[in-house]
Every structure is written in C-alpha cells, then in structure tokens.
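Residue numbers (the working numbering), protein chains in the order written: chain X, 1 to 300; chain C, 1 to 296.
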C-alpha cells in the first residue's frame, strides 16, 4: 500500500493543480451551464439573483430551435463551416502540393502563405471590413473597386449584406487566415512519406495520378482528418470576425456564437446558456469520437 | 518528381526525337507553377498593401476612386492618433499575456512529463479528459464563468484574463509537452532515477533543463493565442481595462464616421508583437502549430 502510494503519489501530486482547474473550469462550468439553460432566467433581475428562476426543463431549447431567428443562425453556421472547410482544405493542399517538390524561394512562399495565422481576427477584420465594402460601380471601394480595375466588373457584389449568403463573405477572410495552417499540416504530411514508397510505385509503372490516388492520398488521410477537425472546430471562431466586420446586431451574418453574446448582453442568461450548450453538443459529437479514436490508436 | 519521371522515361525515348517534347512540357509546367505561386503570394499580400497604404492617407484621399491608389500626401497623423488611443491597452495586453503564458507553460510541462513518462493505468484517460478542454466552445462555459469570477471576487480586466488564459491554456500546453517529452531519450531520465532521485527531483534537475525547446514552442503558442484572444476579452473586460483586441475593436467601430486610416494603423500596432515573433521565431511558431494537431 505504502509502496503503491510512493509510486503513484508524486505524479498525482504534479497533476493535481491542473486537474482541479480543468475539473472546475471545464467540467464543473459545463454542468452549471446546462443547469442555467434549464431555467427561465431571462431577465436582469433573475440574472443578479434578485428574483428567483424556475426550472423549465428543455423549454429554452425547444423555443430556440423552433424560432426562425435561431434557425437562420444555425444555417449560417453550417454554410460558413462548409465554405471555410472547403476553402482552407483546397488552398492548403494546393500550396503544399506546389511547395513539396523543390522550389526556388520555398521559404518565402511558405512564410507569406502562413503569416496571416499570426494576426488576430480583430486586426484582420479591420482590413477585411474595408475590402468587403458593399458599395458598387461609382461608389465602390475595396474588392469591388479592384474588380472594376482589372476588368472583372461582373464579380462585384454586396458581400455580407446578402441575407442568405452574406455569411460566405465572412468565410473569405477566414480562408485567407487559415489556409497557410492547412498547408503547413499537409507539407509535414508530404514530407513524412518515405521516398521509397514513391520510388517503388514509380518502378511498378504507376502513373502520376495513380501514385497520388493509391500511395500518397492514403498516407495523407490522417493529416487531412486532423486538419478537418481543427478547422471545423475553429469555425466557431467566426464570432471574432463577425464582431469586427459586420457587428453583432447584423441579421445577415449572425451565428449561434453571436446570439449567445447578444443574449448575455441583454441579461437573458438562460437562452445564452442554452445556445452555449447547443454549440458544445455540436462540437462534442465530432470531437469525442475523434479523441477516443486517437487514444485507441496510441495504445496500439 | 517531374525530374525523376523524365529520368525513368529517358532510356525508352526514340533516337529521332529524344527529349525536347518532355523538356518543353517540363519547363511549361514549371513556369505555370511559379506563376501560380506568385499569384497566390500577391493575393495573400493584398490586405497588407491596403493596410499600409490606407494608414498613410489623409482626408484628401477619401474619394472611393482613389481607394487603391497610393496616398497623394503621405501623413503620419493616423499613426499618431492610433498610438495614443491604443498604447495603454497594448501595455495591458503585455500584462495579461506574459504571466499567463509562463504559468500555463509550467503547468503544461508538469502534466506533459507525468503523462508521457510515468505510465500508470488511466494516464491516457486523464490525458483525454484534459485535452477535451481544448476543443470546447467557450460559449458553453461563459455564463457560469461570469458568476464564478464574480463570486471569487477577481477584478475584471487583466487579473481575470490572466486566470482564464492559464486555465484554458492547460490542455494545449499539456499536449505539446507530452509530445515533446515523448521524444526526449529515455536514458537521460533513467540515469537520474538510478541515482535514487524521486520524481519531483528528476523533474526539477533533469527534465526541466532539457525542456527549453519545448518551452520556446509553448510560450510562443500561448503568447500568440492570448494576445489575439477576443472572446474572453470582450466578455471579461472593457476598452478601459481590457487588452488591445477590445480597444482596437472599439476604435474601429466606435466613431459614427469610420476613419479607416486610424483603425488600420491601429490594426498594425495590435499585430506587431505577434508578427515580430512570427518573423524572428518562425520555426518554433510552426512547431506549435504542428503540435496543435493532436498527433504532433
């Protein structure tokens, strides 16, 4: 018993501070958040504890999911995530593929493609708000003006002011910002493939396409999965960009994270908590299987 | 890769037309590739051009027709205005980021060491439980977190943000250090244990000195993500006591008439520290990015 304690004691002691912090601030607060989301805590008086809040089970969730307003937010989140994922994966893969073979000035290209990652969404949002200006023709500035200057007038559009697809305009800066990250992941993936594999395939007479299809792509799939997971869960960060580019009150570009902020600002804590929990459930559905899978693979 | 294909194909080419066809295709492909690389380089740098040019423009350049043109008169007024508006918040950002990065890195190194080296039953489960904290949308804890911070009596602004960046930094720092310690040669640590040193002694006198590269990666990662954070900042501070992201957002959206010159100069001020880190320590920056992908 004493021996066991001696063996396990120190490591547990070293983990304890972090375990307590994560236990309280992650798991404890998630539980508390669910509990708030089950109440009718919708007013400032209730939020500050001056008036009691009653337990209403899933009412807030049903109301939210039934409201057209929130459905619009969810739809925006889906659209945004799809475009953001597709854009970063395509650009990131393309860049990595071009830079994988020896290229003059590789370091320069890589550094420039990756640099937006070091900038905050708030700072880049300042510039993108200017670029995504919805004025057209005579009044145009930003990208619309640039399109005119290079003779691509037909590309002019009202960007994030479109009610249905405005959110896609917000995905453009996000793609600009994170394609370099996906490139770095894929480059590491490419470089991790042993040369012998390529050589062997070529000696067997595999065409370039077959080499990719049957040798390189399967080797890259774990990298692609990591990239999808990371970028996918980052799509919730649309919050920063939206706050910076189109403002929280903008109906066109709102997503659940923005709704949560607006609910919180108006002391509707129950709905704010419910939106937070909905986001958590969406993320957990993807992340938990991924973590379990990674865990299992490592044991092998 | 194209070069290798040519070498393999060479012996089979006929005498009459040896290589020109494949060679010209080869150079065409190369030219196309460089053209594409340079095109994307320009596209990625467009916002940088806009930022710099606009920040030097005065009111005389306000007409939309001059949107993409160079300034008629170069002025530093916007820079001066932005600096006056943002300087205090930049200092507060430093005050948040430096201690929180150091504390989170230290905790992560303790955890990473234990989880990578002392394999006890359940170590993997503990790791996964910690790691999950990295992926949660923070919106899911914001409301009770607000209450908890109030109950603990921690003032909003810098103190709260230090605490939050430490706590929510633990998962990623643990992950990076765990992957890092897995690459440290076993013998180095075993040698210490043979001498009869306990786990804490081993950590302190052997592991910590070996951890410098790991610390560089983690500190850069924490520095960058805390500096660029807006979510916690907007919930737990104001432009009077908050970091530069909040102040910049206020500067850019506060005035009724948007002054892009000032906000773009401000955006550059707000980005300079992380950009400098990226330019000077790029290698380690990428190291942090890679570790973020769970499998390292």
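Using N, Cα and C, we set each Cβ at its ideal position, and we do this for glycine too.
Own chain, CB closer than 6 Å to residue i, minus 5 neighbours either side, in chain order
i: residue 112 of chain C; result: 174, 177, 178, 181
i: residue 15 of chain C; result: At residue 15 of chain C the pLDDT is 40, less than 50, meaning the model places this residue with poor confidence; the figure from the coordinates comes in the next sentence. Once the five neighbours on either side are set aside, residue 15 of chain C has no close Cβ partner at all.
i: residue 246 of chain X; result: 160, 253
i: residue 158 of chain X; result: 134
i: residue 230 of chain C; result: 245
i: residue 19 of chain C; result: For residue 19 of chain C, the pLDDT reaches just 45, beneath the cut-off of 50, and the residue's location in the model is therefore unreliable, although a value from the coordinates is still provided. Contacts found: none.
i: residue 99 of chain C; result: 162
i: residue 260 of chain C; result: 54
i: residue 263 of chain X; result: 271, 272
i: residue 90 of chain C; result: 244
i: residue 95 of chain X; result: 113, 183
i: residue 185 of chain X; result: 223, 227
i: residue 164 of chain C; result: 232
i: residue 45 of chain X; result: 51
i: residue 143 of chain X; result: 131
Cβ neighbours of residue i in the same chain (closer than 8 Å, five flanking residues each side left out)
i: residue 20 of chain X; result: none
i: residue 292 of chain X; result: none
i: residue 274 of chain C; result: 223, 224, 227, 228
i: residue 225 of chain X; result: 290
Minimum C-alpha distance to residue i - residue among the options
i: residue 105 of chain X; options: C:142, C:227, C:250, C:35; result: C:35
i: residue 169 of chain X; options: X:205, X:257, X:17, X:130; result: X:130
i: residue 41 of chain C; options: X:26, X:297, X:108; result: X:108
i: residue 240 of chain X; options: C:147, C:145, C:139, C:202; result: C:139
i: residue 214 of chain C; options: C:109, C:252, C:202, C:251; result: C:109
i: residue 185 of chain C; options: C:116, C:261, C:64; result: C:116
i: residue 67 of chain C; options: C:84, C:46, C:80, C:189; result: C:46
i: residue 48 of chain C; options: X:156, X:128, X:208; result: X:128
i: residue 241 of chain C; options: C:95, C:37, C:152, C:73; result: C:95
i: residue 262 of chain C; options: C:199, C:141, C:82; result: C:82
i: residue 80 of chain C; options: C:151, C:58, C:153; result: C:58
i: residue 230 of chain X; options: X:54, X:81, X:72; result: X:81
i: residue 167 of chain X; options: X:236, X:17, X:140, X:153; result: X:236
i: residue 102 of chain C; options: C:60, C:169, C:264; result: C:169
i: residue 107 of chain C; options: C:253, C:279, C:76, C:130; result: C:130
i: residue 11 of chain X; options: C:198, C:251, C:253, C:210; result: C:198
i: residue 102 of chain X; options: C:30, C:120, C:148; result: C:30
Pair within 9 Å by beta-carbon distance, residue i and residue j
i: residue 83 of chain X; j: residue 171 of chain X; result: yes
i: residue 9 of chain X; j: residue 113 of chain X; result: no
i: residue 198 of chain X; j: residue 211 of chain X; result: yes
i: residue 128 of chain C; j: residue 295 of chain X; result: yes
i: residue 87 of chain X; j: residue 174 of chain X; result: yes
i: residue 218 of chain C; j: residue 104 of chain C; result: yes
i: residue 167 of chain C; j: residue 25 of chain X; result: yes
i: residue 64 of chain X; j: residue 227 of chain X; result: no
i: residue 156 of chain X; j: residue 165 of chain X; result: no
i: residue 30 of chain X; j: residue 280 of chain X; result: yes
i: residue 200 of chain X; j: residue 214 of chain X; result: no
i: residue 43 of chain X; j: residue 267 of chain X; result: yes
i: residue 276 of chain X; j: residue 137 of chain C; result: yes
i: residue 163 of chain X; j: residue 264 of chain C; result: no
i: residue 250 of chain C; j: residue 239 of chain C; result: yes
i: residue 99 of chain X; j: residue 37 of chain C; result: yes
i: residue 200 of chain C; j: residue 74 of chain X; result: no
Close-in-space but distant-in-sequence residues of the same chain around residue i (CB under 7 Å, 5 per side omitted)
i: residue 220 of chain C; result: 277, 281, 284, 285, 288
i: residue 256 of chain C; result: In this prediction, residue 256 of chain C has a pLDDT of 47, which is less than 50 and means its spatial position is unreliable; what the coordinates show is noted afterwards. So no residue of the chain qualifies.
i: residue 248 of chain C; result: 86, 266, 267, 270
i: residue 323 of chain X; result: This structure cannot speak to residue 323 of chain X, because chain X is shown only from 1 to 300.
i: residue 21 of chain C; result: With a pLDDT of only 49 at residue 21 of chain C, under the threshold of 50, the placement of this residue in the model should not be trusted, and no figure is reported.
i: residue 269 of chain X; result: 36, 41, 47
i: residue 260 of chain X; result: 272, 275, 276
Presumed contact (8 Å Cβ cut-off) between residue i and residue j, rounded CB distance
i: residue 171 of chain C; j: residue 134 of chain C; result: 4 Å
i: residue 50 of chain C; j: residue 223 of chain C; result: The pair is not a contact, with the Cβ atoms about 27 Å apart (cut-off 8 Å).
i: residue 242 of chain X; j: residue 258 of chain X; result: 6 Å
i: residue 135 of chain X; j: residue 64 of chain C; result: 7 Å
i: residue 133 of chain X; j: residue 255 of chain X; result: Not quite, the Cβ-Cβ distance comes to about 22 Å (not below 8 Å), so this is no contact.
i: residue 145 of chain C; j: residue 243 of chain C; result: Going by Cβ atoms, the distance from residue 145 of chain C to residue 243 of chain C rounds to 17 Å, so no, they are not a contact pair.
i: residue 232 of chain X; j: residue 286 of chain X; result: 6 Å
i: residue 15 of chain X; j: residue 126 of chain C; result: 7 Å
Three or more C-beta pairs below 8 Å linking the region 120-127 of chain X and the region 262-270 of chain C: yes
contact_flag[the region 153-165 of chain C, the region 42-61 of chain X] where n(CB pairs < 8 Å) is 3 or more: The region 153-165 of chain C vs the region 42-61 of chain X: no contact.
At least three beta-carbon pairs within less than 8 Å, the region 202-218 of chain C to the region 53-67 of chain C: no
Contact between the region 212-231 of chain X and the region 67-79 of chain X (3+ Cβ pairs under 8 Å): no
Residues within the region 253-284 of chain X neighbouring chain B, beta-carbon criterion of under 7 Å: In the structure shown, chain B cannot be found, because the protein chains are X and C.
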